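In what follows, a single structure is set out as structure tokens and then discussed.
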Amino acid sequence: MNILEILNITKGTLINKLNLNLNINKIKINSKEINKGDCYIALIGNTDGHKYIKNAIKNGASLIIVSKKVSYNIPTILVQDTTKTLGQLATLIRNKYHPKIIAITGSVGKTTTRQLIYTILKTKYKCHQSQKNYNNHIGVPLTMFDLNKDDEIAIVEMGMNHLNEIKYLSKMVTPDIAVITNIGTSHIGNLGSKENILKAKLEIKEGLQGPLFVNGDDELLQKEKAYKSGFNKNNGLIAYNLKTSLTNSTFNVNINNKEYEININLPAHLINNVLIAIHIGLYLNVDIDTIIKALKDYQTFDMRMNILKDKHNNTIINDCYNSSLESLTGVLKLLKKENQNKLLILGDINELGTFSKEIHQTIPLLLNEINNKKVILIGQEITKIKYDATYFNNYKEVVGYLNNKKIKDTLILIKASRSLKLENITNFLTQQI
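Numbering (the numbering used here), first residue to last: 1 to 433.
Pasting the structure below:
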């Protein structure tokens, strides 16, 4: 793209004379990542990006986009809101490169579903996917900025905290395929009900140019006109004969009147995500044998149902990237079937607002179904529940407590919302001598 194209879509103002036909390589918001020929956008957030313009120029920026009047000897475009400009440029790149966009939303399982879809589609197509947790009004544009002209498919997560946020993202990138993994209680503190959460997730259809794929076992999604998959017999793609353990699942599907067995290193509560990925793979003409092989080789990633071993023969389930009532319920159901001693280290579920007390109070009912366990509760909300547990304020206190304990031959679950940083407990346990 060149400066003229950027100027036209942003409706910005030229601060100085510049070469409108100068080509721009990549668009960046971090001055440290700027390379020669890149555009630097000065965002105003926790820090003011305008403070780092000199560093961006030093690193080779060919264009800067600002919302404050500045004077540098470099092509400069002045706009009212650089955050809004991010979205405009994301649309520019989307329309310039024309990859098939797959947009994913849902209360839980977005990242797992994205990784599963990527695992399948990369066997046939050149694919790009969201990096890190890039799923909001800044992260989605950053995903688009990383696209290359030869990318055939881009898989993009879309998250939200309030109504109209996914609508904005969907209209920005106009997805060819959309996915809704489920409707749970995440962000219910902001939205007030699961019905409003459904309404917010369905905003993904606002810019949708093609089909919608959903978890057909989710009651709130069953009425949607969509490709549905799940265990219920009304779905278009149906799983059956499920056999599952802590680390692995096998199940059958029927494709064109022929039965196939799927084997994957994921537990039962994530199989609906697997089915959505299979459904999309089939829709995009990836043959079922290729899908089966890709899924058999699938590996989990950091802090999401990672199964680790330490030197004391403990099995650690590192699932502390995030938490919700739905995901916690899923993993605790798994533990019901395990006979060994268990240590459950659980932290707050965040963003529940006025529903926090009510939702946290359901956790004891889940815990009561598990035998041979000890429980550690961490945080400000979960520690308000009454249970036979040891209570702590933060992970540092837990590490100090565990340092004086000899834990061996135990199944340890570590799960909480991301802000509690419970990965530090995992690191402590796996590094113990």
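Every residue gets a Cβ at the ideal spot worked out from N, C-alpha and C, and that includes glycine. All values reported here derive from a predicted model rather than from experimental measurement.
Asked, Found
"How long is the line joining the alpha carbons of H360 and V173, rounded to whole angstroms?", "37 Å"
"Using CA atoms only, rank isn't needed, just tell me which of N161, T111 and K149 is closest to Y97.", "K149"
"If you count every other CB in all the chains shown that lies within 10 Å of the CB of E259, and 16 or more means buried, which is it?", "exposed"
"Just to confirm the assignment: which complete alpha helix (DSSP H) runs, minimum length 4, are found wholly within the region 82–112?", "82–97"
"Considering I238, what are the terminal residues of the beta strand (DSSP E) in which it resides?", "L237 to T244"
"Taking just the CA atoms, how far does N424 sit from Y401?", "13 Å"
"List, from N- to C-terminal side, the alpha helix (DSSP H) runs of 4 residues or more that fit wholly inside the region 118–190.", "139–145 and 165–173"
"For A391, which of helix, strand or coil comes out of DSSP?", "For the sequence presented, residue 391 should be read as Tyr rather than Ala. The answer is strand: DSSP assigns Y391 an E or B state."
"In this structure, does DSSP put N272 in helix, strand or coil?", "helix"
"Buried or exposed for Y395, please, with buried defined as at least 16 other CB atoms from any protein chain shown within 10 angstroms of its CB.", "buried"
"Would you be able to state if there are at least three C-beta pairs under 8 Å between the region 266–282 and the region 217–232?", "yes"
"If K26 sits next to D38, beta carbons under 8 Å apart, how far is it from one beta carbon to the other, in whole angstroms?", "5 Å"
"How about L18: is its Cβ closer than 7 Å to a heavy atom in the ligand ZN?", "Among the components of this structure there are no ligands whatsoever, and the ligand ZN is therefore not found."
"For I291, does the three-state DSSP call read helix, strand or coil?", "helix"
"Round the Cβ separation of I74 and I64 to the nearest angstrom and send it over; I've been treating them as touching at under 8 Å.", "6 Å"
"Is the number of C-beta pairs between the region 114–128 and the region 183–193 that are closer than 8 Å three or more?", "no"
"Mapping the DSSP letters down to three states, classify K194 as helix, strand or coil.", "helix"
"Would you call the CB atoms of N314 and I197 closer than 8 Å?", "no"
"Assuming contact is defined by CB atoms lying nearer than 8 Å, are H50 and A42 in contact in what I supplied?", "yes"
"Report, in whole angstroms, the separation of the C-beta atoms of I316 and L429, which I expect to be a contact under 8 Å.", "6 Å"
"How long is the line joining the alpha carbons of I278 and V214, rounded to whole angstroms?", "12 Å"
"DSSP three-state call for L35: helix, strand or coil?", "Checking the displayed sequence, the identity of residue 35 turns out to be Asn instead of Leu. In this structure, N35 counts as coil in the three-state DSSP scheme."
"How big is the Cα-Cα spacing for T111 and I120?", "14 Å"
"Candidates N368, I407 and K406: which alpha carbon is nearest D388's?", "N368"
"Is Y40 helix, strand or coil when you go by DSSP?", "strand"
"When you compare the CB positions of Y22 and N2, do they come within less than 8 Å of one another, or not?", "Strictly speaking, residue 22 in this sequence is Leu, with Tyr absent from that position. Yes, Cβ-Cβ distance for L22 and N2 is below 8 Å."
"If you drop the 5 nearest sequence neighbours on each side, which residues of the same chain put their C-beta closer than 8 Å to that of H128?", "P99, T143, D146, L147, N148, D151, I153, A154 and I155"
"For N35, which residues of its own chain have a beta-carbon under 6 Å away from its beta-carbon, when the five flanking residues on both sides are left out?", "G60"
"Please say whether N16 and T76 have beta carbons closer to each other than 8 Å?", "yes"
"When you compare the CB positions of I262 and T250, do they come within less than 8 Å of one another, or not?", "yes"
"Using C-beta distances below 7 Å, list every residue in its chain close to T244, excluding the 5 sequence neighbours before and after it, in chain order.", "P267 and A268"
"Could you tell me the distance, in whole angstroms, from the CA atom of G216 to the CA atom of I280?", "14 Å"
"Can the beta-carbon of G159 be found less than 8 Å from the beta-carbon of N182?", "no"
"Threshold first: 4 residues or longer. Then list the alpha helix (DSSP H) segments lying entirely within the region 348–403, N to C.", "356–360, 363–367 and 395–402"
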